[in-house]
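Read the structure below first, then the notes.
There are 2 protein chains.
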Amino acid sequence: MEPPVNCQLCKNHPNSVFNDLSAESLDKISKLKSCVSFKKGQTILQEGARPQGVYCIHKGKLKLFKLGTEGKEQIMRFATAGDMVGYRSILSDEPISASISALDDTYCCYIPKSSFFQVIQDNPKFSLNVLKLSCQELGEAGKMITSLAQKNVKERLAEIFLILRATFGEDEDGFVDIKLTREEIANMVGTATESAIRLISGLRAEGLIETKGRKVKIIDRVALRSEALVFE
Amino acid sequence: MEPPVNCQLCKNHPNSVFNDLSAESLDKISKLKSCVSFKKGQTILQEGARPQGVYCIHKGKLKLFKLGTEGKEQIMRFATAGDMVGYRSILSDEPISASISALDDTYCCYIPKSSFFQVIQDNPKFSLNVLKLSCQELGEAGKMITSLAQKNVKERLAEIFLILRATFGEDEDGFVDIKLTREEIANMVGTATESAIRLISGLRAEGLIETKGRKVKIIDRVALRSEALVFE
DNA sequence: GCTAATCTATGATTTTTATCAGGTGAGGAT
DNA sequence: ATCCTCACCTGATAAAAATCATAGATTAGC
């Protein structure tokens, strides 16, 4: 469960944003990081806080969400093993703009701010990778904005299932490897919980998805993409 | 109208993302850049294109927008004098995710990709500033997502006027210093043009704004903030 | 395994927003 | 100054989505 002390031994390392880091910097981080764990449901960071370090996820799933004016969540995105969170607040020197909580038991490496800045300064390639990551996230945010503005709720829901599958993959039974309440799904789609429930029932009745409790399996991927107005 | 050949003499320089650049790099850019101008309404970059350089705006106003599935625009944000556009596509090595067009006659410095990368490599501080910029944009995008998901159209419209005023400031008569069609306003709010028109009339009838053709003046800022559910 | 709390589901109703249709006014080109 | 086109405006109607209420099913904690 616990991450290895030495980052080079981490199973996520080959695919993480840290993978271009010099051996020296990786050593430095390995020495300065600490390991933290969070229970399912636990809040890691609250919107508005100023984290003093970044978290690199070793194992587990996080949701990043904002609270609207009436306290309802809007889920922005998820982060999984190998992803880094909290970096944006540190780099923009602003309070963190989304809360982060654990969707299941999660193990992270916590890298203090000063170490993180040191590594940024010492590794232009890493800095560029972080920049690249941030730009990619901004592109995803743009898509989400356009969908929220122009697609109807059913279209958006269909799209969310595709995104969930792309993010979390499938378990052995072919179900998307994340369990979310209907409320959480509604909070991604940007709709009322009841509306989400109704439309999930509808997609199920049309044979596009299958559900088993909170698990969702995509049955007709082509039809779902068409429903979501997603064309590659 | 034309930008100065020497970036150090640009009136936007003290406030631009380039202002921490070494004199040497600034010289290099000054030599390698070219000056381009665009007429009002002209498209600078089309979504999906791969720009071969970044644009630093000397004078003028740009809108960055995506087209939805039915060809309707969703305006993501604006860029004005001193802002840089196109950098995200270059850094993430992806096609550009939003089209860019000129809201009025615009003059830019065009910095070729290779020069831009050179400057990024040679100036960690600049790289950090670009990263900071990208992170701030992502924070703004998160706000927009939450508003689209949870606020009603009137609330969003009120918020858009506050954003426009913050972005463009006011002219001598106190009107927000940008003229947008009702359709463009609707394309920011994420609603039908008629709905935008109705609600603009409504805000005007309530005394919160005043319009003169396409110009908008905020009359009761406190009430508008309240309407927009914006609390500092 | 049991129980309480929470989630899921559905029907009815209300509210919000989009669409359709038609008229007026403003701005730009000649 | 005139004309034409497009933008703005408004009313009516339809569609989409939210809200309210209630019942049944599932999950989490002990």
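Chains A and B, in that order, are what the protein sequence lines are. Here the first sequence stands for residues 298 to 529, numbered as in our numbering. Here the second sequence stands for residues 298 to 529, numbered as in our numbering. Backbone N, C-alpha and C define an ideal beta-carbon position, used for all residues, glycine too. Since we're looking at a predicted model, the values are computed, not measured.
query: When you compare the segment 402 to 413 of chain B with the segment 298 to 314 of chain B, are there three or more beta-carbon pairs, one atom per stretch, that lie closer than 8 Å?; result: yes
query: Taking C-beta to C-beta, are aspartate 390/A and lysine 429/B nearer than 9 Å?; result: yes
query: Compare the C-beta of serine 313/A against all C-beta atoms of chain B and say whether one is closer than 9 Å.; result: no
query: Entirely within the segment 404 to 457 of chain A and at least 4 residues each: give me those alpha helix (DSSP H) ranges in chain order.; result: 410 to 419 and 421 to 447
query: Considering only their Cβ atoms, is the gap separating isoleucine 494/A from phenylalanine 375/A smaller than 9 Å?; result: no
query: Please go through the segment 324 to 380 of chain B and give each complete beta strand (DSSP E) segment of 3 or more residues, from N-terminal end onward.; result: 331 to 335, 340 to 342, 350 to 356, 358 to 364 and 370 to 377
query: Mind checking which residues open and close the beta strand (DSSP E) that includes glutamate 507/A?; result: 506 to 509
query: Hey, is proline 409/A's beta-carbon within less than 9 Å of any beta-carbon in chain B?; result: no
query: What three-state label does DSSP hand glutamate 491/A in the structure shown?; result: helix
query: For the alpha helix (DSSP H) containing alanine 483/A, name the first residue and the last one.; result: 479 to 486
query: Please report the straight-line C-alpha distance between isoleucine 354/A and glycine 379/A, rounded to a whole angstrom.; result: 5 Å
query: My guess is that glycine 383/B and valine 333/B are in contact by the Cβ rule of under 8 Å, so how many angstroms apart are they, rounded?; result: Between valine 333/B and glycine 383/B the Cβ distance is about 12 Å, and since that is not below 8 Å, they are no contact.
query: Find the residues of chain A that neighbour cysteine 432/B, judging by a C-beta separation of less than 7 Å, and give them in chain order.; result: Arg385, Leu388, Ser389 and Ser431
query: I believe leucine 477/B touches arginine 511/B by the beta-carbon criterion, under 8 Å. Please report the beta-carbon distance rounded to the nearest angstrom.; result: 6 Å
query: Check each candidate in Ser498/A, Glu481/A and Pro311/A and name the one with the smallest Cα separation from leucine 400/A.; result: Glu481/A
query: Since threonine 521/B contacts glycine 487/B with CB under 8 Å, what's their CB separation in whole angstroms?; result: It is worth fixing the name first, because residue 521/B is leucine in this sequence and not threonine. Actually they do not touch by this definition, with Cβ atoms about 19 Å apart.
query: Let me know the secondary structure DSSP gives valine 519/A once reduced to three states.; result: helix
query: Taking only beta-carbon positions, decide if leucine 359/B is within less than 9 Å of chain A.; result: no
query: Kindly indicate the opening and closing residues of the alpha helix (DSSP H) around isoleucine 387/B.; result: 384 to 389
query: Specify the secondary structure class of isoleucine 397/B as computed by DSSP and reduced to three states.; result: strand
query: Taking only the alpha-carbon atoms, compute the straight-line gap between phenylalanine 465/A and isoleucine 397/A and give it to the nearest angstrom.; result: 17 Å
query: Identify which residue in Ala502/B, Arg462/B and Val519/B has its Cα closest to the Cα of valine 513/B.; result: Arg462/B
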